[in-house]
Amino acid sequence: MLFRDLRREGGIAIIIIDVRSPKPIYEQIKDNIKQLIITGALKEGEKLPSVRELAQTTSINPNTIQKAYKDLESEGFIYSVLGRGNFVAAPPVKKDQERIDSLMASIRPLIRELHYLGLTRQEILELMEHAISADKEGESHD
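See the structure below:
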């Protein structure tokens, strides 16, 4: 099986793991949960599946899941309550300049490649505006 998929009521995928991907499984778990939080599929205060539950459902080592949860907590996406579990954290109140700088660094190579493909500054700005509009409307632009 190429993918492991955990679903909850309503058919919303919590995680989808590609076992053939070179990306470590804990990063795939982390990225999937992070995306679900960012898009609002997982709401503030919502309880995540326990490490044990997720491990049993997906046949993934509990240590792998714990590492993903620990990273998500250190990045501020979730918080844990001893004896109760892991929950989706509130969005940050202030801007995280370090994270903004990191994301900007990841955008720059894309902009250079678009220039290489012959797009003008204005065309790139229009593409960015379209992507922002599509994101606000909830469209998928993958």
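Note that full-length UniProt numbering numbers the sequence shown so that position 111 is 111, with each residue one more than the last.
Every residue, glycine too, gets a C-beta built ideally from N, C-alpha and C.
Everything numeric in this text was worked out from a predicted model, so none of it was measured.
Beta carbon of residue i nearer than 8 Å to that of residue j
i	j	result
residue 42	residue 88	yes
residue 25	residue 64	yes
residue 77	residue 132	no
residue 85	residue 50	yes
residue 72	residue 23	no
residue 90	residue 53	no
Range of the contiguous beta strand (DSSP E) that encloses residue i
i	result
residue 86	85-88
Status (buried if at least 16 other CB within 10 Å, exposed otherwise) for residue i
i	result
residue 48	buried
residue 30	buried
residue 61	exposed
residue 17	buried
residue 126	exposed
residue 100	exposed
residue 103	exposed
residue 107	exposed
residue 97	exposed
residue 68	buried
residue 122	exposed
residue 136	exposed
residue 7	Confidence at residue 7 is low in this model, with a pLDDT of 48, below 50, so its placement is unreliable and no value can be given for it.
residue 5	Residue placement at residue 5 is poorly supported in this model, since its pLDDT is 46, which falls under 50; the coordinates still yield a value, given next. Label assigned to residue 5: exposed.
Start-to-end residues for the alpha helix (DSSP H) that takes in residue i
i	result
residue 136	121-136
residue 103	97-116
>> Suppose only complete runs of 3+ residues qualify. What are the beta strand (DSSP E) ranges in the UniProt domain "HTH gntR-type" (23-91), listed by chain order?
In response: 78-81, 85-88
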